[in-house]
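The structure appears below as structure tokens.
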Ligand SMILES: Cc1cc2nc3c(=O)[nH]c(=O)nc-3n(C[C@H](O)[C@H](O)[C@H](O)COP(=O)(O)OP(=O)(O)OC[C@H]3O[C@@H](n4cnc5c(N)ncnc54)[C@H](O)[C@@H]3O)c2cc1C
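In this note's numbering, the protein residues as written are 2 to 384.
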């Protein structure tokens with residue numbers, strides 16, 4: 002097994018790191034502290050790099066990137082600003098679903114504005130009563146002539162209140178269970194629905210929203226895929242999604258390590274840099290060991306996606322380990338900073354808060370363990 006980045010991947014990573022340091026990180030600190038929502042101008046700065054439409058072939062107007070390369074880009078964005086990373090990768094997910102399952106007309110209408118970050122996408126699966134068990138969607142879609150009428154509530158939706166297009170999962174027939182779930186593209190300026198943002202622990206510059214549909218009428222031409230294909234569509238990108246979350250959080254872990262090393266060499270106590278004390282060195286060593294292990298697991302999973310090899314086990318292992326390890330790494334980064342680590346003078350308290358939700362996204366840690374258990378034992382803990 003050869004674990005080396007190609008020359009091109011190294012160049013992309015290098016270019017992005019410099020760009021993030023110069024253009025994005027200074028904004029991240031200011032916006033997060035002042036709780037300002039990321040503007041379209043900031044999103045637009047990412048347009049040339051291919052953060053949205055990454056894996057869509059160039060001839061279809063995308064960037065034609067492989068999964069490993071995209072994940073490396075996501076790591077650099079995650080290192081810079083968790084909130085921006087989550088906004089952009091959710092929009093990329095919706096863009097890929099439209100590319101994969103959309104009609105010619107839907108592709109023509111939505112792909113270019115999304116790829117150029119003129120539109121922002123949201124992915125609305127979770128509901129007040131529907132979380133880990135995605136197959137029990139309660140939002141109803143009733144056919145009415147050339148339209149569907151949506152009724153129901155989605156919650157914890159990234160970009161929910163600001164997205165131009167929301168990919169909403171609703172059931173056309175509750176009796177059919179998972180087989181009734183259907184995907185719809187709901188456009189902000191053409192449909193009527195209510196949104197409210199939910200205050201949260203971190204990532205203050207992005208929104209998660211409740212989205213309420215009350216007799217929300219959308220044209221049948223906005224159905225994505227066939228009736229009953231919704232769950233298949235929602236779960237179609239899960240392995241890639243888990244790799245993306247893993248690399249996003251690895252970016253945060255890298256930021257923690259960088260900050261801890263910087264602080265340990267600058268801060269002096271007992272007449273010496275604290276980094277010269279063995280216990281601080283041990284702490285930083287453990288952080289780097291876990292970061293490296295997470296990166297290797299994630300690299301393996303992403304390269305399996307690129308090779309078309311089945312990788313549910315490896316993607317879940319990578320996602321589970323990277324998200325859990327990053328919480329330990331961020332916690333240690335705060336400890337290395339002493340009391341200042343708990344203040345907003347240094348970014349490490351933000352890294353911890355920004356990473357915290359990622360043990361929930363794309364399947365919680367418990368669900369990852371059940372998937373891994375099922376792969377290893379051949380026995381499913383799910384009913
Ligand atoms: C910041 C943020 C952004 C989000 N963005 C989106 C988004 O854009 N779109 C979207 O659709 N959703 C989004 N979500 C929702 C997220 O996907 C859900 O939180 C996640 O799927 C878990 O669902 P839940 O919160 O309802 O928890 P539940 O499913 O109610 O789980 C609660 C607890 O029970 C555990 N549990 C559940 N089932 C089992 C089981 N069988 N065995 C053992 N333990 C179990 C879980 O692991 C968890 O610890 C977001 C959440 C957050 C926090």
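Idealized CB from N, CA, C, for every residue including glycine.
query: Which same chain residues end up closer than 6 Å to residue 288 when comparing Cβ atoms and leaving out the 5 residues on each side of it in sequence?; result: 258, 330, 333
query: Would you kindly work out how many angstroms separate the C-alpha atoms of residue 341 and residue 349, rounded to a whole number?; result: 9 Å
query: Go ahead and pull the three-state DSSP assignment for residue 126.; result: coil
query: Tell me the DSSP secondary structure of residue 252 in three-state form.; result: helix
query: Out of 272, 241, 16, point me to the one whose CA is closest to residue 56's CA.; result: 241
query: Candidates 284, 322, 281: which alpha carbon is nearest residue 300's?; result: 322
query: What distance in whole Å lies between the Cβ atoms of residue 243 and residue 319, which are believed to be in contact at a cut-off of 8 Å?; result: 7 Å
query: Less than 6 Å between the CB of residue 214 and some heavy atom of ligand 1, yes or no?; result: no
query: In whole angstroms, what separates the C-alpha of residue 380 from that of residue 374?; result: 7 Å
query: Are residue 70 and residue 107 touching if we call contact CB-CB under 7 Å?; result: no
query: Classify residue 271: buried if its beta carbon has 16 or more other beta carbons within 10 angstroms, exposed otherwise.; result: exposed
query: Taking 7 Å as the threshold (C-beta atoms), are residue 93 and residue 138 in contact?; result: no
query: Are residue 312 and residue 326 touching if we call contact CB-CB under 7 Å?; result: no
query: Ligand 1 and residue 372: does the residue's C-beta get closer than 6 Å to at least one heavy atom of that ligand?; result: no
query: Is there at least one non-hydrogen atom of ligand 1 closer than 6 Å to the beta-carbon of residue 158?; result: yes
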